[in-house]
Each structure stands twice: as structure tokens, then as C-alpha cells.
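J.: Residues 0 to 592 (numbering that gives the first Met the number 0) make up the sequence shown, in order.
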Amino acid sequence: MARQLTAPPPSEERAPTPTILTSAPAGLAGRIWGAPLWAHAATLAVVLLALVPLVGVGASFSADEGAAIVQAHSLAKGDGWIVDHPAPQVDPTGKAYPLELSIRGDKGTAPFAKHPLYALLLAGADRAGGHLAMVLLSLAGTVTAALLAAAISGYLRPGLSRPSLWVAGLATPLLFDGYLVIAHTLGAAAAAGAVLLAIRAAESKGRPVLAIAGVAGCIAVAVLLRNEAVFWGLGVGVTLAVVAFRRRSKLIAGAAVTAVVVAGLAHIGEAAWFDRLVGGHAVGLGSSPGSGLGFVAGRAQSLVITWLRPGYGQFPGAELALVVMLGAVVAGTVAARRHPDDRRVIAGLAIVAAAGALIALVVAPTNLVPGLLVAAPVVTAGLVALRRSSLGSVGAQVALGTFTVFALAVAATQYVQGGSGEWGGRYFALGLPVLVPVVLLALAEAGARLDHVTRRVATGGLVVCSLATAAMGLSSQADTHRFTAKLLSTINRSGQSISAAGERPVMLTTSGAVPRLAWATFDRQRWLLSDRADLGALTTRLADAGTERVVLVTAHRDEDVAAAGPRARVVSDDHPTGRGTWHVLVLDLPQAP
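Here it is as C-alpha cells:
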């Protein structure tokens, strides 16, 4: 048991009552469950690998992945950080550079230099095994983060280590993020490592000075992988400062200062790093659109999206079922806290929650859920079940305190639209392996007050909800992969139809996501990204330069065709079905008389 900040009352000094979360099953199942933690981590890795063919790795879910992959390809081939403009002669100002949100400096433009460490890791993975190896790097992050969640649980209640590993790995958005080529899972592992070592330092376990050095290293790595990790360093620092004040410990106070200073220095150092890579005077290309909302309204909207929203409005029936699930989870947990003897109500709400999750999965298995509390019902139940008694140990206080400061800072600074297309508030993913042990401790304490049958029904309901939402997340990701692959196949086929031997076809689009998603064929095509207002001038310059045909990829066919100007004539129109209104057009560009 972790050291207490203050002596607990006598009623809390008794050994914890075994619950379904902390007690091992009997017989063969018990022996399997009692296997070493590393064996559980290895089994989790096997499960994640087995899901790879189902999720698919031939296309990307997010355009951000494409930017990182194009950068990694360039590094892996030895071409360096700069990815040249594909058609500078028709775009001398560089305004139509195809990869939005790139960084431009005196040396040129780099698609993903904002986190050079991650790009270098991806380049190494690319050399080892291509895109699949990049995905495996993310999956390794999920397994590592889950293993560290289990290690943190050892400081809260040892019996929670195995449940924490499986919940973090399969019942949180870290499962979904494991199949993305974005550094969420690696950042989460580094963040969890920082908290684990911070707890060791606060508990004066082993050699505190080494633990503090480890905290600094983990925070630095996290910041070099994810922007929001700066707030993680702040969270660790603030929480350790509170512990230091209570303990009157100069050593822990030093650890608190170190955490904040290292986070700031890593952020500044990274900016200097990518500035040097692109030759100085670095500027970002493109920006996120404004919402027109004030600060308070914008914060409220982003919080609703990233914590509560059950979908993006495509499947109202499924979203309603998920709202029912969330309501039943909250109500059932409240009932378990306040009226643990009311077995029928608790069990009934658990069944309603499970039914809502299953109905949502059946009605719309590809529904994308941006709200964290909807995507991770175990986290929701644990937060509702949280009591002051759950925070008696230093470990629990450091873990929850760090996540709280981090979450508040992210909520105050994230985009109004959240992370756009996402599963479970992706900017909060860093904190999940640290939050899981705390919420499971709260659930274990709440379950200890229930009778055996009610506890099993309530736990079964949460398991069903978690499995259903996990299946929905992976199904939505796989569906996006399939559609993106279909769209890109159509684009590639149209490009090949207009290209002469040895020439790269010119591809136009007004959508910033498309050239980045086309990472697999990017080197074989000449992409140009244009505003609609500039599209006519761009096609005129292309025609004057001798380009006879181009491919135009658009989600707004009539508007973009009109904007392309009178010299552009539609030759063919492919319309991949399945999602949205995408059109892949071949345009003739007649030469001027």
C-alpha cells in the first residue's frame, strides 16, 4: 500500500475488501489471470496485432498522418527534411504548395518538422518495414502505456495492475490511437512514465534523485512528441509542488520545478530545432478556420465535442442509444455510491447501459464518437464513483492531480472544433494511462459495497459497454480506411489515364486533406492545393506552361468547376460512392490560340 499523506481513519486501515476487479478467479482461469504482468502485456500485443488486418493499414484515417508519412519517406530515402514544390514554374510564390500545415523556411518546406523526433522515429520504422512498421510503432506505444498504467496501479492498489493494463489497452481511445501514425500513444507512454517516476520520488522509493531525473527525461520526450505535453509537465509540477508543501520537502519541490522547467525548455528547444532544419524564419502554411465564437462559448463547445458528443450527426439513432448508455452508466454509478443496497435499480441500469451500447453498435457500427466519456464508459463510471477515500495515497493524488491540471489547460487552449475527426478527445489521450488506475480504484471501492450478484451484473454491464464502444471505434476507423483507399485508387487511376510515359500527372484540389492522404502515390504525382478563388489563375498558368490535362479532386463539384475557368472542360467524372460528395474529374486545358 502506498504511503499516506495523512493517517487514514481506523475504518480505512482494514485490508480492502476483494472485488471482481482485485480478486483472481478460481481454477485455470485464476492461473491464467495470475500470470506475470509481462505475459499480460505480451497477450495484449498479440490481440492488437491480430486486429491489424481488420482495421487495415493501407490508408490513413487522418490527414495529419499523411504529412508525417511523407516526411518520413523523404528522410528514409535520404532526401532530407525539405520536400520540394512539385510544380514551382506555375506557382512561383509557393501558394499552391500541396501539403498544408507544413513549415517553410529559408531552405524550403518540410511537411512535418514541427516534431522532428517523431519524424525520425517514423523514418527508422519506414526503413525497417514501411507503413506497417510505422503503425506497429504506435501499437508499441499503446502496449507500453498500458503496462505503465499497470505499474502506476501498483502504487494505488496492487490487485488493480492487471485490470488497469487491459482497460488502458482495450477500453480507452489508446486502442483506436494505436492504429494511427500520430504520436498519441508514444506520448501517452512518456507521460505515464513521468507520473510513475514522480510517484516514486514523492514516495521516496529507491533513489529519489534518479527518479526525478527520469521524470525530466520522460517529460522532455513527451513534449518532443506532442504539443499538449507541455501542459503535462505543468501538471506534474503543480501536483508535486502541492505534495512538497504538505511534506515540507525540498527534494520534491525541486522535482516540481524541474518538471515545469524541462517542459518549457523542451518546447523552446524543439522550436529552435525545426527552425534550423528549414533554415530559419520558419512559418506555418495554412491555419485552422476561426469559429466566430467568444472564448467562453468556444471553450464550452470544444468541451462538449471532446467529452460528451456521441457522434457527428450522421447516425442519430446510434447517437441517441449512446446517450442512453451514458446516462445509465452515470445513474447506475450514482446509485451504487449512494444506495448500494438498491440491487434492482443498479442491476437494471447496468442492463440498460449495455443494451444501449449494443443497439448503437448494431444500428451504426461505423459511428465516430469524439466524446471521451462516451468512448470510454469505464472512465465515466470511475469518475462518477470517485470519493475522497480513493485519493488517500500519494500515488492517487499525483496521478489525478496531474491529469486534472493537464485537462484544464488543454480545455482552455484546444481548437473550438476539438481534434476534428477523432475518437474520444484525442488531445486528452496523453493522460489516459494515468487516469485509468485512479478510476479503477474508485470502481473497486464502489464495487466492494455491493453484494456479489449486483457487483457481477454491474461489472458485466461496463464490460459490454466497453467492448461495444471499442468495436465501434475500430469499425469506424476501418470504414474510413476503406473509403479513403477507394477514393485514392480512383484518383490514381485518373492520374495514370492522363500521364505520358515517365511523366507525373498534375493533380489539383481545393481540399487540404487530399494531398496528405495521398502519401502512397505522392512522389508519383504533382499535387497542387489551391483556394477556390485562385483556381482559375492556376489552371491558366498550367495551360500556358503546356499542361493539357489535369485531375481535379473536389467535394464541391459545381463550384470548383466554375472556379477553374472557361478554359477548363470536364472530360470525365468519377464519383466514388460511400461517403460524402467527392468527385474525381479529368479537365482538358485547351492551349491559348
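Yeah, the Cβ is synthetic: ideal placement off N, Cα and C, and Gly gets one too.
When the Cα atoms are used, what is the spatial distance from Gly-77 to Ala-330?
T.: Mapped onto the sequence shown, residue 77 falls at position 78. Mapped onto the sequence shown, residue 330 falls at position 331. Computed Cα separation, rounded: 57 Å.
J.: Which residues in the same chain have their Cβ closer than 7 Å to the Cβ of Ala-563, if we skip the five residues on either side of it in sequence?
T.: As a working mapping, residue 563 is identified with position 564 in the sequence shown. Counting only Cβ-Cβ distances below 7 Å, and skipping sequence neighbours, we find Leu-534, Gly-535, Thr-538, Leu-551 and Leu-586.
J.: Check whether the stretch 293-302 touches the stretch 410-422, counting contact only when three or more Cβ pairs, one atom from each stretch, lie closer than 8 Å.
T.: With the cut-off at 8 Å, the stretch 293-302 and the stretch 410-422 touch.
J.: In the structure shown, what three-state DSSP assignment does Thr-453 receive?
T.: The residue labelled residue 453 in the question sits at position 454 within the sequence shown. DSSP places Thr-453 in helix when its eight states are reduced to three.
J.: Do you know offhand how far Val-437's Cα is from Leu-146's?
T.: By 1-based counting over the sequence shown, the position of residue 437 is 438. By 1-based counting over the sequence shown, the position of residue 146 is 147. Spanning the two alpha carbons is a distance of roughly 15 Å.
J.: Can at least three beta-carbon pairs, one atom from the stretch 427-434 and one from the stretch 211-231, be found at a separation below 8 Å?
T.: As far as the Cβ criterion goes, the stretch 427-434 touches the stretch 211-231, which means the pair count is three or higher.
J.: What three-state label does DSSP hand Val-368 in the structure shown?
T.: Here residue 368 corresponds to residue number 369 of the sequence shown, with the count starting at 1. Reduced to three states, the DSSP call for Val-368 is coil.
J.: Tell me the rounded alpha-carbon separation between Ala-100 and Ile-267.
T.: Reading the sequence shown from its first residue, position 101 is the one you call residue 100. Reading the sequence shown from its first residue, position 268 is the one you call residue 267. Strictly speaking, residue 100 in this sequence is Leu, with Ala absent from that position. The alpha-carbon atoms of Leu-100 and Ile-267 are separated by roughly 19 Å.
J.: How big is the Cα-Cα spacing for Gln-88 and His-582?
T.: Translated into the one-based positions of the sequence shown, residue 88 becomes position 89. Translated into the one-based positions of the sequence shown, residue 582 becomes position 583. For Gln-88 and His-582, the distance between alpha carbons rounds to 27 Å.
J.: DSSP on Asp-573, reduced to helix/strand/coil?
T.: As a working note, residue 573 is residue 574 in the sequence shown. In this structure, Asp-573 counts as strand in the three-state DSSP scheme.
J.: Considering just the uninterrupted stretch of the alpha helix (DSSP H) at Arg-621, what are its terminal residues?
T.: Past the boundaries of the shown model lies residue 621; the chain is included only from 0 to 592, so the question cannot be answered.
J.: Let me know the secondary structure DSSP gives Pro-9 once reduced to three states.
T.: Sequence index remark: in the sequence shown, residue 9 carries index 10 (1-based). At Pro-9 the pLDDT is 35, less than 50, meaning the model places this residue with poor confidence; the figure from the coordinates comes in the next sentence. If DSSP states are grouped into helix, strand and coil, Pro-9 belongs with the helices.
J.: What are the start and end residues of the alpha helix (DSSP H) that includes His-84?
T.: For the purposes of this step, residue 84 is identified with residue 85 of the sequence shown, where counting begins at 1. Element bounds for His-84: n/a, residue is neither H nor E.
J.: Please specify which runs of the alpha helix (DSSP H), each continuous and at least 4 residues long, are wholly inside the stretch 312-390, giving them in chain order.
T.: With a minimum length of 4 residues, the continuous alpha helix (DSSP H) runs that stay inside the stretch 312-390 are 315-337, 342-362, 371-374 and 376-384.
J.: Cutting at 6 Å between CB atoms, please list the residues of its own chain near Gly-394, excluding the five before and the five after it.
T.: By 1-based counting over the sequence shown, the position of residue 394 is 395. These residues qualify, in order along the chain: Ala-1, Tyr-154, Leu-155 and Ile-198.
J.: Would you kindly work out how many angstroms separate the C-alpha atoms of Ala-144 and Ala-477, rounded to a whole number?
T.: Residue 144 sits at position 145 when you count from the first residue of the sequence shown. Residue 477 sits at position 478 when you count from the first residue of the sequence shown. If I take the Cα positions, the gap works out to 23 Å.
J.: Considering just the uninterrupted stretch of the beta strand (DSSP E) at Ala-109, what are its terminal residues?
T.: Numbered from 1 along the sequence shown, position 110 holds the residue referred to as residue 109. Run containing Ala-109: 107-109, per the beta strand (DSSP E) assignment.
J.: Closest to Val-235 by C-alpha separation, out of Ala-271, Ile-490, Leu-196 and Trp-272, would be which residue?
T.: In the sequence shown, the residue the question calls residue 235 occupies position 236. With distances taken between Cα atoms, Val-235 lies closest to Leu-196.
J.: By Cβ distance, which residues of its chain are closer than 6 Å to Glu-318, with the 5 residues on each side in sequence left out?
T.: Taking the first residue of the sequence shown as 1, we reach residue 318 at position 319. Cβ within range, chain order: Pro-309 and Gly-310.
J.: Nearest CA to the CA of Leu-179: which residue from Val-344, Pro-339, Leu-434 and Ala-67?
T.: Walking along the sequence shown from the start, residue 179 turns up at place 180. Checking every option, the nearest Cα to that of Leu-179 belongs to Ala-67.
J.: Using DSSP with H/G/I as helix, E/B as strand and the rest coil, what is Ile-218?
T.: Taking the first residue of the sequence shown as position 1, residue 218 is located at position 219. Helix.
J.: DSSP state of Ile-102, grouped into three classes?
T.: Within the sequence shown, the letter at position 103 stands for residue 102. Strand, per DSSP.
J.: Taking the alpha helix (DSSP H) that Trp-272 falls in, what are its first and last residues?
T.: Position 273 of the sequence shown, counting from 1, holds the residue named residue 272. That run of the alpha helix (DSSP H) goes 249-276.
J.: When you measure from the CB of Asp-90 to every non-hydrogen atom of the ligand COA, does any distance come out below 6 Å?
T.: This structure does not include the ligand COA; it has no bound ligands of any sort.
J.: Taking Trp-526 and Val-69 to be in contact with their CB atoms under 8 Å, please state how far apart those CB atoms are, rounded to whole angstroms.
T.: Stepping through the sequence shown from its first residue, residue 526 is reached at position 527. Stepping through the sequence shown from its first residue, residue 69 is reached at position 70. Going by Cβ atoms, the distance from Trp-526 to Val-69 rounds to 10 Å, so no, they are not a contact pair.
J.: Measuring straight from C-alpha to C-alpha, what distance separates Ile-102 and Val-134?
T.: Working through the sequence shown from its first residue, we reach residue 102 at position 103. Working through the sequence shown from its first residue, we reach residue 134 at position 135. Approximately 24 Å between the Cα atoms of the pair.
J.: How many Å lie between Leu-461 and Gly-158 at the Cα?
T.: Here residue 461 refers to the residue found at position 462 of the sequence shown. Here residue 158 refers to the residue found at position 159 of the sequence shown. For Leu-461 and Gly-158, the distance between alpha carbons rounds to 19 Å.
J.: What does DSSP give as the partner residue(s) for Gly-283 in the beta ladder?
T.: Stepping through the sequence shown from its first residue, residue 283 is reached at position 284. DSSP output for Gly-283 lists Ile-102 as bridge partner(s).
J.: Between which two residues does the beta strand (DSSP E) carrying Leu-528 extend?
T.: Translated into the one-based positions of the sequence shown, residue 528 becomes position 529. Residues 525-528.
J.: Give the DSSP bridge partners of Met-506, in chain order.
T.: For the purposes of this step, residue 506 is taken as residue 507 along the sequence shown, with counting starting at 1. Answer is Trp-526 and Val-550.
J.: Can you list, in chain order, the residues of its chain whose CB lies under 7 Å from that of Leu-50, leaving out five sequence neighbours each side?
T.: Along the sequence shown, read from residue 1 onward, the residue named residue 50 stands at position 51. Once the five neighbours on either side are set aside, the close Cβ partners of Leu-50 are Leu-473.
J.: Excluding the 5 residues flanking Gly-168 on each side, which residues of the same chain have their C-beta closer than 7 Å to its C-beta?
T.: If you number the sequence shown from 1, residue 168 lands on position 169. The residues are Leu-43, Thr-141, Val-142, Ala-145 and Leu-174.
J.: Using CA coordinates, which residue listed in Ala-86, Ser-163, His-72 and Ala-170 is at the minimum distance from Ala-122?
T.: Sequence index remark: in the sequence shown, residue 122 carries index 123 (1-based). Cα-wise, what sits closest to Ala-122 is His-72.
J.: How big is the Cα-Cα spacing for Ala-567 and Gly-104?
T.: Stepping through the sequence shown from its first residue, residue 567 is reached at position 568. Stepping through the sequence shown from its first residue, residue 104 is reached at position 105. Cα to Cα, the separation comes out at about 34 Å.
J.: DSSP state of Ala-187, grouped into three classes?
T.: What you label residue 187 is simply residue 188 of the sequence shown in a count that begins at 1. Looking at Ala-187 - three-state DSSP - the assignment turns out to be helix.
J.: Let me confirm a value: Gln-679 is counted as buried when at least 16 other C-beta atoms fall within 10 Å, else exposed. Which label applies?
T.: Any property of residue 679 remains undetermined from this structure, which presents the chain solely from 0 to 592.
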